[in-house]
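Residue numbers (this note's numbering), protein chains in the order written: chain A, 3 to 305; chain B, 30 to 843.
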Amino acid sequence: MKPPAFRYHAPASLAETLATLAEVGARGKVLAGGQSLVPLMNMRLAAPEHIVDINGVAGLDDVTVDAGGVRIGALVRHARLEADAEAAAAVPLLRQGLRLVAHPVIRNRGTTVGSIAHADPSAEMPAALALLGGSVEAAGAAGRRTVPAAEFFTGPMESCLRPDELAVSAHFPRPEPGTGSAFTEVARRHGDYALCGVAALVTLDADLRITAARAGYLSVSPTPAVLDLTDAVAGRTPDTADLAAAGRLAVGRLEPEDDIHATAEYRAHLAGVLTVRALRAAAEDALARATRDPRPAGSGSGR
Amino acid sequence: MTGKMFGAPIPRTEDERLVAGRGRYLDDLGAGAYAAAFVRSPHAHARILDIDVGDALDVDGLVAVYTHDDLRGPMAEPLPLLIPHPAIRDGRTPHALAAEYVHHVGEPVAMVVARDRYVAEDIVERVRVDYEVLPAVVGVAAARRADHVVHPGMSDNVAARLLQEVGDAPAAIAAAPHTLELDLEIERSASTPMEGRGVYARWDAADAMLRMYSSTQTASGVRAAVAAKLELQLGQVEVVVPDVGGGFGVKIVHPWPEEVMVPWAARLLGHDVKWTEDRREHFVAAAHEREQLQRVRVGFDDEGRLLGLDVRIWHDNGAYLPYGVIVPLVTSTQLLGPYRPGAYRVEFDSLYTTTVIVTPYRGAGRPQGVFAMERTMDAIAARLGLDRARVRSVNLIQPDEMPYDQGLVFQDGRPLIYDSGDYPAALAALLDLVGWDDFPAQRERARAEGRRIGIGLACYVEGTGPGPYEGGHVQVETSGRVRVATGLTSQGQGHQTILAQIVADELGVPISDISVTTGDTRRMPYSVGTYASRGAVMSGSAVALAARRLRDKALRIAGDALEADPDDLEIVGGRVRVKGSPASGMDLGTVAVLANPLRYAFDEASRAATQFGGPADFDRPPVAPDDAPGLEGTDFYSPLRCTFASGMHAAIVETDPETAEIRILRYCVVHDCGRLVNPLIVEGQIHGGVAQGVAGALYERMAYDSDGQLLNASFMDFLMPYASEVPAVEIDHLETPSPLNPLGIKGAGEAGVIPGAAVLAAAVEDAEGFPITRMPISPSELFHLRRRFASGEIPPLRARRPAAPAPRPSGQES
């Protein structure tokens, strides 16, 4: 479990990084936290000829919170984002999901943008980005582009990032007012990749009726799946909504696969159960927020 | 002898060094050694057609590549079958490097030696092996069918078959008022110590001496095996076992292919060579355990008393049989637990498959045996509508029946006779600890809240401390420091602490003056090894006996010097004195000086022992004919047979009605390992054992596909539980001394793991209301069992939990 030889690059600036990436192309890999890449290299499942270590690049470790949401740079560690109170207030789903990412020591080193770029459909943060309708900003020799999450993930461990591009930041938009969120999953061991995980956003109007319900899924699809379940629950209050119907709706739209830990049938069952649990928790979260921070009746949901 | 250190829960003396990072593990040694790596078979079963090293030769840093063609004499022959047994029909063992066939993924085919491990792995990738792929044989069912045979020249896959009988079990079952038949299954797990295997060898050409370091459970065994393979005299080989990061059984196997190849290459190259196993290698090239199918037929009376028990076991021994039939032999004998079985018949087949070898892993066949017996007890209780504890209690061997002869031959080749134990007391203590009688009400309350909880219990008896022997050597230096050596090895059990505790009391010296060496053939060449929960029993007894010899000698010498009768002397705080007069006497170090008559002084203290140094008795030679110089004692402990520890576990679990997740709410242990040398260490052993029991019950399995590929050869997919999955363990100790050894102790190392699968199966079954017959169980599997139960495919537990035990007319059922 020793990696094959590689050439190590430690660029000091973004420009140098992009120049190096342009030069090494598909033979290179970006190293940020290394929590996925290094084990893959040690097991010789990945053998990049060039490692481009961005840990010395300035300007990639910012967490910026504004009216639009939370933007995080490529070097922001999971642990730091998890601890950021302002980010958690703006987009509560971030902290709710980050708590489920592996173990504290991995979160201390691993980066959120790195996890997104790795595009593992069993990981929490790609699902969070997809559910929130966020985006990735990619920089390359040809310039910058903003890629919506829905286009970013193209397959298991595959994104639309080109070899010469660096994912410099990710943007998680602030949910609309009246929205509660939750992240729930079933994992074999604490901190493992989930057998199935569901993140949910439920939006209530001023009368505390559900106007929107969406869920994001991990480990049940090749890329993070996002389902709009509003039709099953719209217009009802959280305690009268037929969440089970939403669960059934979700199960009907997912096609999980078998692996050594769970059958496809069990995963589908979990998707249904966890959809209900996540929606319930998200609705309760929305109610709690409404109680803490009531909006005038009839002010609408902002849509 | 009861002193103040024996029985004291003192912290382990080795821990300060280990937790501060001053441990010296195998890979910490041998800076500058060449690194070895192995080309391993990617196929479960294949014939090697050609090995082409051409691409490897131009890699910078290459030292050598070896294949079987390079081996001569004993090195070219198969590795030894360590434990021969008459039941073995055809005992196959691997070669150091595969000769013609490979029989499991991971089997070593070629050895690469290089400047460092990175380069060695680069070279491994460049060695091209041409294979003719042959059919894989995976699992007990395929092995039994024998559509394909694993080993050429065999007509089936049966490596060994053994029948043992006491009475006429089939007749007893036929005549019994009730009968049951159960089909049971346990899957594979493995020791998976934190540190894998590793070997470092230094050949001194001038002295023609081999010094070998190995992360092993037997220094003396490795020494003898390597000497035989390398055609060296035993005196030319020294084996030193450094700190070892866990063994749990896997490291008792020896010599591993790597363990002979590394010293062989070191001698050939005239250069140090080291191999440190990585985790992936450990999964596919070390050893696994547990996999068995069992069919139990039992006849019993209205109270659940066993009348006849007939058990058939099919045991998957993997590709080879280096450790003989020990695992299924232990299963078939220890299955009986604390019970009288009535008539008993047990027969096992040990079967070859094209998978990693199966050799003892903590528990060593007992978890499977306990699973069979305890599932049977629960099935009897369900059938009769009786309380599960009550069914067990009517079958328990009573204290006044000790010693109890089960009438079988045990794994040490000696009769299976339980030496001591109080099983009814243990059961009573367990039921009290877990609150057994109150549980039904709790379960009903939980049900009313939509929660499912269940309770189970399981009992075991464990033969510990088998012979043939271990030795102890205790020496007092002229400084007064005490050096203790025993030959068996330590993998983190705390031997340094408990052996020092024993010697401290026997000699009357402070524990801080004692240092203990284990697993070093230079210090104690005669030894067997660390397995079968024998460290404390065997080496504890041996060092106690050696210390007693030393003490007798010290009192004799001091008696001469002090002109006192040795019987009037005592040793307190490292000082020999006349009983009751603390001011008199001399330090043990001074006695050590006097014990070694000298011609030459080398310091102030030694002057006293020289020829002109003081008064002497001219009628005696300086060293008496039956005496030896030096203040030391050596002795060996060789037991008549095993001493039998016992215990009972109970667990309460909660199963999620929706997700089928299984959570352990409480885990209770009542444990009897005779007299406790150090309760803190025993509790640590129980905690670790329970963790591995939970692992084998709920998390770990070896996921082989039908081609013999291991799909989960990493800790990402092999689910060793984290601290977050292991329950807090509540422990109650009983201490029933063993009459077989001088200290009254029994082994404790393996106990915690033994009833894990049985007790958790029972608890899940109780929560769910249908039988659990296969372990481990995952949430996914429980989900599917529920579906099958809901569809009527699985019957409910019958006569479940009646309000009061209902007497039944005999002969009504079956």
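C-beta atoms are modelled at their ideal positions from N, C-alpha and C, and glycine is treated no differently.
Note that this is a predicted model, so its numbers are computed, not measured.
Between D534(B) and F67(B), the gap from beta carbon to beta carbon reaches 8 Å or more. Here DSSP, grouped into helix, strand and coil, assigns Y147(B) to helix. About 7 Å separates the Cβ atoms of P708(B) and H762(B), confirming a contact at the 8 Å cut-off. As computed with DSSP, W343(B) is found in a beta bridge with L322(B) and D378(B). A contact is defined here as three or more CB-CB pairs under 8 Å, and the region 274–283 of chain A meets this definition with respect to the region 230–241 of chain A.
Annotation: V78(A) is outside any alpha helix (DSSP H) and is labelled neither H nor E by DSSP. The Cβ-Cβ distance between G394(B) and V359(B) falls below 8 Å. Note that the C-beta distance between R480(B) and R827(B) is not below 8 Å. For the region 41–52 of chain A, the set of residues with a beta-carbon nearer than 9 Å to any beta-carbon of chain B comprises P41, N44, M45 and R46, in chain order. Here the alpha carbons of W304(B) and G483(B) stand approximately 48 Å from one another. Per the Cβ contact rule, the region 4–24 of chain A is in contact with the region 143–150 of chain B (3 or more Cβ pairs under 8 Å).
Contact fails between the region 200–220 of chain B and the region 291–298 of chain B, because fewer than three Cβ pairs, one in each stretch, are under 8 Å apart. Look at N741(B): its C-beta is under 8 Å from a C-beta on chain A. Taken in chain order, the complete beta strand (DSSP E) segments of 3 residues or longer contained in the region 233–317 of chain B are 238–243, 266–269 and 302–305. Counting C-beta atoms within 10 angstroms of its own C-beta, Y629(B) has fewer than 16 neighbours from the protein chains shown and is therefore classed as exposed. Going by DSSP, D761(B) is part of the beta strand (DSSP E) stretching over V758 to L763. At a cut-off of 8 Å between C-beta atoms, L272(A) counts as an interface residue with respect to chain B. Around the beta carbon of R604(B), 16 or more other beta carbons lie within 10 angstroms, which makes this residue buried. For V162(B), the number of other beta carbons within 10 angstroms of its own is below 16, and it is reported as exposed. By the Cβ test, the region 658–670 of chain B is in contact with the region 563–575 of chain B, since at least three Cβ pairs between them sit closer than 8 Å. Listed by position along chain B, the residues whose Cβ is nearer than 7 Å to that of K4(A) are R146, Y147 and E150.
Boundaries of the beta strand (DSSP E) around I691(B): I691 to D701.
Residue state for S508(B) is assigned as coil, using DSSP reduced to three classes. Residue ranges of uninterrupted alpha helix (DSSP H) with 4 or more members, entirely inside the region 101–183 of chain A and ordered along the chain, are 106–111, 114–120, 126–134 and 151–154. Residue pairing by DSSP places S610(B) in no beta bridge whatsoever. Around the beta carbon of K31(A), 16 or more other beta carbons lie within 10 angstroms, which makes this residue buried.
Counted as a single uninterrupted DSSP element, the beta strand (DSSP E) harbouring D212(B) occupies residues H207 to I215. Between V513(B) and I540(B), the C-beta spacing is not below 8 Å.
Closest in alpha carbon position to G99(A), among R111(A), L83(A) and V107(A), is L83(A).
Beta-bridge analysis with DSSP links T493(B) to T672(B). For F665(B), DSSP records a beta bridge to G500(B). Residue state for G436(B) is assigned as strand, using DSSP reduced to three classes. With contact defined as three or more Cβ pairs closer than 8 Å, the region 75–93 of chain B and the region 546–563 of chain B are not in contact. Contact annotation for R308(B) against chain A: M3 [CB-CB distance below 7 Å, chain order]. With a contact defined as Cβ atoms closer than 8 Å, F185(A) and V72(A) miss out at about 16 Å. Between the C-alpha atoms of Q714(B) and G485(B) there is a straight-line separation of about 22 Å.
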